[in-house]
Amino acid sequence: MRRLRRNRGAMIGLYLVVLLVAVAVFADRLTTYDPVKMAPGSGLQAPGREHLLGTDLLGRDVLSRLIHGARISLRVGLVSVGIAAILGTTLGLLAGYFGRWADLLIMRFIDLLLAFPNVLLALAIIAILGPNIFNLMIAVGISATPGYARLVRGSVLAAKANTYVEAATAVGVPDGLIIWRHILPNVLAPVIVLSTLGMAGAILTAAALSFLGLGVQPPTAEWGVMLADGRNYLRIAWWITTFPGMAIMVTVLAINMLGDGLRDVLDPRLRT
Amino acid sequence: MPVLLGISIAVFLMMHMVPGDPAKMMLGELAVNKEAVENLRHQLGLDDPIAVQYWRFLTRALHGDLGRSVLENQPVARMLWQVLPSTIELTLTGLGIAVFLGVLLGVTAAVRHRTWLDNASMVVALWGVSMPTFWMGLLLIFLFSLKLGWLPATGQGGLLRLLMPAFTLGYVAAAVIARLVRSSMLEVLRQEYVRTARAKGLADRLVIYRHAFKNALIPVVTVLGLQFGALLGGTVVIETIFSRPGVGRLAVTSILNKDFLVTQGTVLMSAVFYTLVNIIVDFSYAFLDPRIRYD
């Protein structure tokens, strides 16, 4: 923890992330305008005193939508990464610990998932299930799973090689306990790093898919959706696209900085 | 080879998992007539067991028949064939830009380690990884098309129309490559044989280029395959923003229009393409690093 503090980039990232979470949690109290209600009379206003960041075509306050968008992006990011981490870790554990058949089957399945380019896999899943926020989280989660599976499998194999594990098995300690006490703690560190960096990717992918109309649907205020909304008015109302874009960039940047710092601290082997 | 088979099974299953009856969807309003639905189902062979349907799908696909698009009423294969060159053009150029910029940035950072150039390069790389592609594309359009009027914003054909999309596609990969090249170079520069070369009195530039550089590139090649996949995924967004014809954009529109056979075709083609590229990368990896050849 102390080493993390020394890394200035990571600390900046951490503060920004905390700020973001705070904004997302207290979204309702921070916004003065309803993010969804339309007010056609006050459409396309430039940033000014009444609407700090302007309004979009339908008169909705950009700032309010931005703040609520933070909540959605964070939720999507967390759930997607959660799905990927839990699924991937479970698969990796099973494959790595029990070996042979389990390993073969599971890794073949993972290889199959990896045969598809990331975004396209998420795309295909959304094609099947239909475009909405729920399926978006599932799609992004599943497409991120292979990374965790492979990582965990490697960690498990490394941990299994330790003599104390061999000793524990020989003495008759049940598998579950071995996994819980000996294997899992070793696996935790790289998974945390991957999860942090994964959140950045998940938020980006989710925003991109929503931008294309394949994720969160309007009128929900999600940053990708806001960018898509403003795309046609780029010349006359630059603020509709610029602020969500900046929001995405800053969020992802902060998470990346935090993730890089965590990686340097927790697992120097992974350092780029 | 088994991977390709697996892909075909996966894609087939995916499209069949779509909730709803394809025949009903195709008939649309006429679907109220139960007999018509039954007839269409029989015609399309939807009554047969899944395995038979899969076999039919596979054999047809291998002969180039991927079904017909419901919306455009054209063979899917032909639609894919028409847009493929545009996507290939975009992806390859994007990859080229990514490698060029990435290597340039990474080597600069490594060679000027611990100077402001190193830090600046890494900040640029970090920013490249964090910036959403669709926003970058819109910004570029705003700057270079709307404000400055230098580059055309949409369409395909000609170098000018390729510049912005290819750059937008490639800059993320460039950032990833830059970081990798930098660390790889730093690692290599620490090696003993570099010290030996320097001690021999070889000019620094010769040392860097001949000895360090080529070895540093090896891990980059492994990453290239993955990055290519990322680029393929990126075409989905880029082609939509810049209104270029292409496989990616086709995938998006087909999903929005519920034109499932087209979606199936695009996903299948992309996955096969990606797998082939990865195989090529695996082979070239063995070619570049003699240590692996004797594996």
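Same order as they appear, the protein sequences are chains A and B. The opening residue of the first sequence carries number 1 in our numbering; numbering runs sequentially from there. The opening residue of the second sequence carries number 1001 in our numbering; numbering runs sequentially from there. For each residue, glycine too, the CB sits at the ideal point set by N, CA and C.
Contact of I106/A with chain B by beta-carbon distance below 7 Å is absent, the smallest such distance being about 14 Å.
At a cut-off of 8 Å between beta carbons, F1167/B makes no contact with chain A.
Runs of the alpha helix (DSSP H) spanning 4 or more residues and lying entirely within the region 144-231 of chain A occur at 163-171, 175-178, 184-211, 223-230, in chain order.
When 9 Å is used as the limit between beta carbons, Y1274/B is near these residues of chain A: A115, F116, P117, L120, in chain order.
Around the beta-carbon of N232/A, fewer than 16 other beta-carbon atoms lie within 10 Å, marking it exposed.
L1276/B and T1133/B have their C-alpha atoms roughly 26 Å apart. Using beta-carbon distances, I126/A counts as an interface residue toward chain B, with a partner under 8 Å. Residue burial annotation: Y1171/B is buried, with at least 16 other C-beta atoms found within 10 angstroms of its C-beta. Going by DSSP, Y97/A is part of the alpha helix (DSSP H) stretching over 62-98. V1111/B has its alpha-carbon roughly 25 Å from the corresponding atom of F1167/B. Residue contact with chain B for I183/A: absent (no Cβ-Cβ distance below 8 Å to any residue of chain B). Annotated three-state conformation of T55/A is strand, per DSSP. Identification of chain A residues near V1221/B by a Cβ-Cβ cut-off of 9 Å yields none; the smallest Cβ-Cβ distance measures about 16 Å.
In the three-state DSSP reduction, D1259/B falls in the coil class, being neither helix nor strand. Counting every other CB atom within 10 Å of its CB across the protein chains shown gives Y1274/B a total of 16 or more, marking it as buried.
Counting C-beta pairs closer than 8 Å gives three or more between the region 147-159 of chain A and the region 173-193 of chain A, which meets the contact rule. Near chain A, meaning a CB-to-CB distance below 8 Å, no residue of the region 1079-1110 of chain B qualifies. Taken through DSSP and simplified to helix, strand or coil, R263/A comes out as helix. Annotation for L1084/B: V1247 place their beta carbon closer than 7 Å to its own, counting only its chain and skipping 5 residues before and after. Burial state of G1158/B is exposed, judged by a 10 Å Cβ sphere holding fewer than 16 other Cβ atoms. Using a 10 angstroms sphere on the CB of I86/A, the tally of other CB atoms stays under 16, which defines it as exposed.
Under the Cβ distance rule, A207/A counts among the residues neighbouring chain B, one pair being separated by less than 8 Å.
Shown in chain order are the members of the region 192-226 of chain A whose Cβ falls below 8 Å from a Cβ of chain B: A200, L204, A207, A208, F211, L212, G213, L214, G224.
Look at G245/A: its C-beta is under 8 Å from a C-beta on chain B. Between W239/A and G54/A a beta carbon distance of about 4 Å is seen, short of the 8 Å cut, so the two are scored as contacting. Inclusion of I203/A and G77/A in the CB contact set at 8 Å is warranted, their separation being smaller than that value.
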